[in-house]
Amino acid sequence: MKRILFSLSFLVLALTGSAQSMSDSQVLQYVQREMKAGTSQSQIVVKLMQKGATVQQIQRLRNQYEKAGGSVSDLDGASASSSSLLKGFSSSRSSAATSTALRQNNGSVMVDEEGNPLYSSTNGFMSTDMSDLDSRPNVYIPDMVDNTVNGKPVFGRDIFNKRTLSFEPNMNIATPTNYIIGPGDQIVIDVYGASQKSETLSVSPEGTVTVTGYGPIQVAGLTVAAAQAKIRQQLGQRYSSSKIRMTVGQTRTIQVNVMGEVAAPGTYTLSAFASVFHALYMAGGVNAIGTLRSIKVYRGGRQLTVVDVYDYILNGRLTGNVRLADNDVIVVGPYDCIVEVAGKVKRPMLYEMKKGESVASLIKYAGGFTGDAYTKAVQLNRTSGDKHSGYNIQEFDMTTFKVQDGDSVTVSSTPLRYENTVTVTGDVFYPGNYDLGNGVNTVRSLIEAAGGLNEYAFTGRAVIRRMNADRTRRTISVDLDGIMSGTTADIPLENEDELIIASNAQRTGAYTVAIRGEVYQGGELEYSADETIEDLIVRAGGLTDAASMAQVDVARRIVDPKATGQSKEIAKTYTFQLKDGLVVDGDRSFTLQPYDVVTVHRSPGYQIQREVSIDGEVLFRGSYTMTHKNQRISEIVKAAGGVTDEAYLRGARIERLMTEAEKFRNKQVLKLVEQQKENMGFEEEQIDSAEVRYSVGIELDKALANPGSDYDVVLREGDKIIIPEYNGTVKINGNVMFPNTVAFSTGKSWKWYVNQGGGFGAHSKKSRTFIVYANGMVSKASKGKVEPGCEIIVPSRTNTAQETISMITGMASSFATMVTMIATVTNLIK
1 MKRILFSLSF LVLALTGSAQ SMSDSQVLQY VQREMKAGTS QSQIVVKLMQ KGATVQQIQR
61 LRNQYEKAGG SVSDLDGASA SSSSLLKGFS SSRSSAATST ALRQNNGSVM VDEEGNPLYS
121 STNGFMSTDM SDLDSRPNVY IPDMVDNTVN GKPVFGRDIF NKRTLSFEPN MNIATPTNYI
181 IGPGDQIVID VYGASQKSET LSVSPEGTVT VTGYGPIQVA GLTVAAAQAK IRQQLGQRYS
241 SSKIRMTVGQ TRTIQVNVMG EVAAPGTYTL SAFASVFHAL YMAGGVNAIG TLRSIKVYRG
301 GRQLTVVDVY DYILNGRLTG NVRLADNDVI VVGPYDCIVE VAGKVKRPML YEMKKGESVA
361 SLIKYAGGFT GDAYTKAVQL NRTSGDKHSG YNIQEFDMTT FKVQDGDSVT VSSTPLRYEN
421 TVTVTGDVFY PGNYDLGNGV NTVRSLIEAA GGLNEYAFTG RAVIRRMNAD RTRRTISVDL
481 DGIMSGTTAD IPLENEDELI IASNAQRTGA YTVAIRGEVY QGGELEYSAD ETIEDLIVRA
541 GGLTDAASMA QVDVARRIVD PKATGQSKEI AKTYTFQLKD GLVVDGDRSF TLQPYDVVTV
601 HRSPGYQIQR EVSIDGEVLF RGSYTMTHKN QRISEIVKAA GGVTDEAYLR GARIERLMTE
661 AEKFRNKQVL KLVEQQKENM GFEEEQIDSA EVRYSVGIEL DKALANPGSD YDVVLREGDK
721 IIIPEYNGTV KINGNVMFPN TVAFSTGKSW KWYVNQGGGF GAHSKKSRTF IVYANGMVSK
781 ASKGKVEPGC EIIVPSRTNT AQETISMITG MASSFATMVT MIATVTNLIK
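Numbering of the sequence shown is given in the UniProt record's numbering, commencing with residue 1 and proceeding in unit increments.
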């Protein structure tokens with residue numbers, strides 16, 4: 001029992017929106033009744049989904065079951081005998097027979113990554129836990145629901161595909177007095193007063209209820225008010241001293257047929273209070289060619305009403321959305337007319353129009369014109385067969401011009417032309433547009449309205465750009481200084497004039513200076529007159545610890561407005577020294593000019609500490625700070641207390657951080673390999689992550705025996721010295737019969753070790769066999785000597801073009817990481 005309630009809970013959560021009215025006992029009794037009748041599990045599931053229950057109801061039912069300790073009898077009056085049947089029903093999970101019962105929030109069917117429905121006859125119903133559904137790569141395939149035409153949305157098409165708008169009838173209200181009672185309804189007769197009695201009766205298929213002690217009473221086909229009056233009349237003589245009340249308890253369900261152009265046509269079991277809109281929601285809404293404007297409802301073979309969904313969406317009227325009765329038929333035909341409206345309307349999209357509707361109706365459906373729309377005329381394009389026509393519909397013709405299917409209406413914007421506007425730009429306090437008139441009609445009045453000239457304005461000349469009749473412009477020179485001083489006549493302005501005030505050439509706000517180098521906040525700064533080098537350094541946050549006091553350079557731009565030829569000189573440099581207190585040693589009157597670049601150099605004596613590390617068989621492992629440049633490995637080993645007795649000096653190596661140049665070079669090598677052999681599959685991220693360190697082959701025993709010699713390698717910042725323990729094995733790898741690791745045997749040749757790996761492979765390149773030593777050095781096998789900890793690699797025979805790739809592949813297979821492979825490549829190309 002618990003399992004089926006959990007399954008039903010998950011089912012309803014997944015299918016929110018398809019819920020109908022069912023009591024708790026009805027859910028349990030329905031499963032019991034249908035299983036006794038031999039109904040297949042898939043059919044039971046489909047019918048339950050069509051009848052439905054709310055999420056809250058299923059969750060409450062599950063909680064009650066758990067609190068009751070698994071007793072079905074405590075669940076809303078359902079008999080305990082249903083427990084075993086329900087357990088049998090839940091033991092093998094049902095499959096959904098049709099996709100229409102799997103209504104999602106948008107009328108979709110959930111499928112897996114291979115396109116198979118998750119609720120199909122081949123996948124057991126809910127065979128995957130709901131928790132798994134979140135993690136698996138599901139997709140949603142629309143169940144014939146298409147709210148677009150040619151990829152464009154049609155207004156209103158999605159109204160029946162919304163999770164939050166199901167049009168489900170409200171079952172928590174009193175039964176309306178005009179509700180017509182029918183077979184399957186449950187009525188409650190209460191007698192109170194001198195006699196006390198309450199009886200719950202179901203209307204039989206014949207339309208009667210049988211009252212205990214009285215007999216059958218015909219109530220089917222009567223309204224609630226009429227049925228109550230009839231029962232009072234029939235039972236009034238027996239209970240003359242008491243009052244009688246009749247109410248409707250559980251209402252019946254009805255079957256409604258939804259036909260035509262809907263996503264999932266078929267027969268639906270709904271609440272007796274269900275409306276046309278709710279039935280359409282259950283059917284998934286209209287399909288790609290379905291109409292929203294003329295949905296017909298038939299009852300008893302006659303047309304009952306016609307529903308226009310636009311009337312509800314736009315006006316809030318539910319005209320035609322009648323309460324359905326058993327065996328009603330809803331027919332959704334194809335649309336008559338789809339028209340597009342674009343441009344300056346509030347809701348530009350496709351609209352379904354009725355025959356005879358006008359352009360004005362279309363504009364109304366689109367929310368009306370926007371504020372910048374040109375409302376005096378719209379353009380309409382029409383296609384009739386193989387002919388295309390264009391119409392310019394004037395404002396007064398919009399109510400009479402009828403639209404046709406396929407029409408496209410465009411609303412243009414109002415042309416950007418002013419009737420009473422002049423403009424001022426440049427160096428005034430408030431540049432912008434001003435209305436001509438109301439005190440603004442001349443150059444001086446316009447400047448005064450704009451707050452006057454600012455301190456940067458060039459008063460020697462201004463210009464007016466005036467619009468001609470053909471929309472071209474001409475320029476009028478203005479003696480700005482004379483007009484503002486009153487010595488020159490003011491110039492009258494005309495509509496769409498543009499007054500331009502230039503900037504003074506000495507406007508300092510546009511100038512900058514720059515400071516680079518060892519200051520805390522270097523960069524470009526706004527120029528200030530009479531600023532010294534010391535002032536600029538203070539503005540830049542001061543000098544850093546690395547700054548040199550011995551040399552500060554100022555580079556000045558060459559400015560020669562009277563030059564008649566090019567000069568090879570591009571800048572003039574001044575050099576200064578700083579003393580305590582940032583006082584410049586030299587010309588104290590030197591000030592910066594616009595676009596000067598000040599450079600504070602780094603002191604040649606300033607050095608940042610550099611660290612190396614040592615690990616392995618030394619007394620004191622860890623990081624050490626280098627005391628001088630060109631410090632050698634023997635010095636660091638000595639600082640670390642020397643090597644231990646277990647140290648294997650022949651296997652010591654250095655892991656070195658790559659410089660930027662080395663990173664670039666190795667990236668180019670790997671990219672070249674990728675181009676030559678695409679199936680190696682190097683990714684850019686792998687290349688970048690691998691370019692960190694590489695091995696430096698060393699001979700530590702000789703370095704310690706000969707300090708300062710060429711064997712004593714000069715260290716670099718970030719170097720890591722690794723001194724391992726003795727490794728008495730030799731690895732055989734590459735194109736051999738059986739790659740192996742064997743114990744080192746003194747005096748044996750490299751071929752002897754290859755034989756320990758089963759001998760050469762069929763495609764081996766014997767002459768190219770090489771040895772990789774524990775210290776990172778590489779040698780041809782024919783010229784090298786086998787040592788403990790080394791690895792013998794036999795490459796495969798391949799063509800010349802792929803030789804490099806084969807080598808790199810062999811090396812990659814012989815090292816634990818890509819980093820070691822790059823280290824070997826680096827050593828080979830050095």
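Beta carbons: idealized from backbone N, C-alpha and C, even for Gly.
Keep in mind the model is a prediction, meaning the values are calculated, not measured.
If you drop the 5 nearest sequence neighbours on each side, which residues of the same chain put their C-beta closer than 8 angstroms to that of residue 630? The residue you call residue 630 lines up with position 630 of the sequence shown. Correct list, in chain order: 714.
By DSSP, does residue 622 sit in helix, in strand, or in coil? In the sequence shown, counting from the first residue as 1, residue 622 sits at position 622. If DSSP states are grouped into helix, strand and coil, residue 622 belongs with the strands.
Quick check: the stretch 371–390 against the stretch 318–329, are at least 3 beta-carbon pairs closer than 8 angstroms? no
What is the rounded straight-line gap between the Cα of residue 797 and the Cα of residue 518? Counted from its first residue, the sequence shown places residue 797 at position 797. Counted from its first residue, the sequence shown places residue 518 at position 518. Taking the straight line from one Cα to the other gives about 58 angstroms.
Taking the beta carbon of residue 735 as the centre, do at least 16 other beta carbons fall within 10 Å, making it buried, or is it exposed? Taking the sequence shown and counting its residues from 1, the one referred to as residue 735 is at position 735. Label assigned to residue 735: buried.
As a quick exercise: from 757, 758 and 781, pick the residue whose alpha carbon is nearest that of residue 768. For the purposes of this step, residue 768 is identified with residue 768 of the sequence shown, where counting begins at 1. Here the closest residue by C-alpha is 781.
Collapsed DSSP secondary structure at residue 501 in the structure displayed: Walking along the sequence shown from the start, residue 501 turns up at place 501. In this structure, residue 501 counts as strand in the three-state DSSP scheme.
Flag this pair as yes or no: are the beta carbons of residue 534 and residue 612 separated by less than 9 angstroms? Numbered from 1 along the sequence shown, position 534 holds the residue referred to as residue 534. Numbered from 1 along the sequence shown, position 612 holds the residue referred to as residue 612. Result no, Cβ atoms of residue 534 and residue 612 do not sit closer than 9 angstroms.
Mind checking who residue 337 pairs with in its DSSP beta bridge? As a first step, residue 337 is located in the sequence shown; it is residue number 337 there, counting from the start. In DSSP, residue 337 forms a bridge with 353.
I need the straight-line Cα distance from residue 614 to residue 656, nearest angstrom please. Position 614 of the sequence shown, counted from the start, is the residue given in the question as residue 614. Position 656 of the sequence shown, counted from the start, is the residue given in the question as residue 656. C-alpha separation (whole angstroms): 12 angstroms.
Cβ-based burial, residue 308 [other Cβ within 10 Å; buried from 16]: Taking the sequence shown and counting its residues from 1, one reaches residue 308 at position 308. It is buried - the Cβ of residue 308 has at least 16 other Cβ atoms within 10 Å.
With a threshold of 8 angstroms, are at least 3 pairs of Cβ atoms found where one atom belongs to the stretch 479–495 and the other to the stretch 446–462? yes
Whole-angstrom Cβ separation of residue 350 and residue 155, contact assumed at under 8 angstroms? Stepping through the sequence shown from its first residue, residue 350 is reached at position 350. Stepping through the sequence shown from its first residue, residue 155 is reached at position 155. Between residue 155 and residue 350 the Cβ distance is about 7 angstroms, and since that is below 8 angstroms, they are a contact.
For the alpha helix (DSSP H) containing residue 311, name the first residue and the last one. Within the sequence shown, the letter at position 311 stands for residue 311. Element bounds for residue 311: 309–315.
Less than 9 angstroms separating the beta-carbons of residue 632 and residue 722? Here residue 632 refers to the residue found at position 632 of the sequence shown. Here residue 722 refers to the residue found at position 722 of the sequence shown. Taking 9 angstroms as the Cβ cut-off, residue 632 and residue 722 do not qualify as a contacting pair.
Once DSSP output is grouped into helix, strand and coil, what is the label at residue 796? The sequence position of residue 796 within the sequence shown is 796, counting from 1. In the structure shown, residue 796 sits in a strand (DSSP, three-state: E or B).
Return the chain-ordered list of same chain residues with a C-beta closer than 8 angstroms to the C-beta of residue 586, the five sequence neighbours on each side being excluded. Here residue 586 is taken as the residue at index 586 of the sequence shown, counted from 1. The answer, listed in chain order, is 576 and 577.
On a Cα-Cα basis, can you pick out the residue from 450, 416, 403 and 404 that is closest to residue 424? Walking along the sequence shown from the start, residue 424 turns up at place 424. Out of 450, 416, 403 and 404, 450 has the C-alpha closest to the C-alpha of residue 424.
Spell out the partners DSSP gives residue 152 in its beta bridges. If you number the sequence shown from 1, residue 152 lands on position 152. Residue 152 pairs with 149.
Anyone know if the C-beta pair for residue 289 and residue 320 falls short of 9 angstroms? The sequence position of residue 289 within the sequence shown is 289, counting from 1. The sequence position of residue 320 within the sequence shown is 320, counting from 1. Not in contact: residue 289 and residue 320 (Cβ atoms no closer than 9 angstroms).
Exposed unless 16 or more other CB atoms sit within 10 angstroms - verdict on residue 486: For the purposes of this step, residue 486 is taken as residue 486 along the sequence shown, with counting starting at 1. Counting Cβ neighbours within 10 Å, residue 486 comes out exposed, since fewer than 16 surround it.
Give me the Cα-Cα distance between residue 644 and residue 694, rounded to the nearest whole angstrom. The residue you call residue 644 lines up with position 644 of the sequence shown. The residue you call residue 694 lines up with position 694 of the sequence shown. So the alpha carbons of these two residues sit roughly 25 angstroms apart.
Between the Cα of residue 343 and the Cα atoms of 332, 377 and 334, which residue gives the shortest distance? Within the sequence shown, residue 343 is the residue found at index 343, counting from 1. Of 332, 377 and 334, the residue nearest in Cα terms is 377.
Stretch pair the stretch 215–222 + the stretch 150–170: three plus CB contacts closer than 8 angstroms: no
Proximal residues to residue 177 (C-beta, below 6 angstroms), its chain only, five neighbours per side dropped: If you number the sequence shown from 1, residue 177 lands on position 177. Once the five neighbours on either side are set aside, the close Cβ partners of residue 177 are 224 and 225.
Thinking C-beta only, is residue 726 closer than 9 angstroms to residue 651? By 1-based counting over the sequence shown, the position of residue 651 is 651. By 1-based counting over the sequence shown, the position of residue 726 is 726. Result yes, Cβ atoms of residue 651 and residue 726 sit closer than 9 angstroms.
Exposed or buried, residue 292, counting other C-beta atoms within 10 Å across all chains shown (16 or more means buried)? For the purposes of this step, residue 292 is taken as the residue at position 292 of the sequence shown. Buried, by the Cβ-count rule.
Measuring straight from C-alpha to C-alpha, what distance separates residue 696 and residue 776? Sequence index remark: in the sequence shown, residue 696 carries index 696 (1-based). Sequence index remark: in the sequence shown, residue 776 carries index 776 (1-based). Cα-Cα distance, rounded: 6 angstroms.
Given this structure, state the Cα-to-Cα distance separating residue 537 from residue 514, to the nearest angstrom. One-based indexing of the sequence shown puts residue 537 at position 537. One-based indexing of the sequence shown puts residue 514 at position 514. Cα to Cα, residue 537 sits roughly 10 angstroms from residue 514.
Residue from 692, 647, 646 and 649 with nearest C-alpha to residue 667: Taking the first residue of the sequence shown as 1, we reach residue 667 at position 667. Considering only alpha carbons, the answer is 692.
Taking the alpha helix (DSSP H) that residue 634 falls in, what are its first and last residues? Residue mapping note: residue 634 aligns to position 634 of the sequence shown, counting from 1. Per DSSP, residue 634 belongs to the alpha helix (DSSP H) from 633–639.
Is it a yes or a no for the stretch 242–251 touching the stretch 191–201, going by three-plus beta-carbon pairs under 8 angstroms? yes
Do residue 744 and residue 728 have their beta-carbon atoms positioned less than 9 angstroms apart in this structure? Counting from one through the sequence shown, the residue named residue 728 turns up at place 728. Counting from one through the sequence shown, the residue named residue 744 turns up at place 744. Their beta carbons are under 9 angstroms apart, which means residue 728 touches residue 744 by this criterion.
For residue 278, count neighbouring C-beta atoms within 10 Å of its own C-beta (all shown protein chains included) and say buried if the count is 16 or more, exposed if not. Residue 278 sits at position 278 when you count from the first residue of the sequence shown. When all chains shown are included, residue 278 counts as buried.
In chain order, what are the residue ranges of uninterrupted beta strand (DSSP E) at least 3 long that sit wholly in the UniProt domain "Soluble ligand binding" (256–303)? 266–271 and 290–299
What's the gap between the Cα of residue 375 and the Cα of residue 148? In the sequence shown, counting from the first residue as 1, residue 375 sits at position 375. In the sequence shown, counting from the first residue as 1, residue 148 sits at position 148. When rounded, the distance between both Cα atoms is 28 angstroms.
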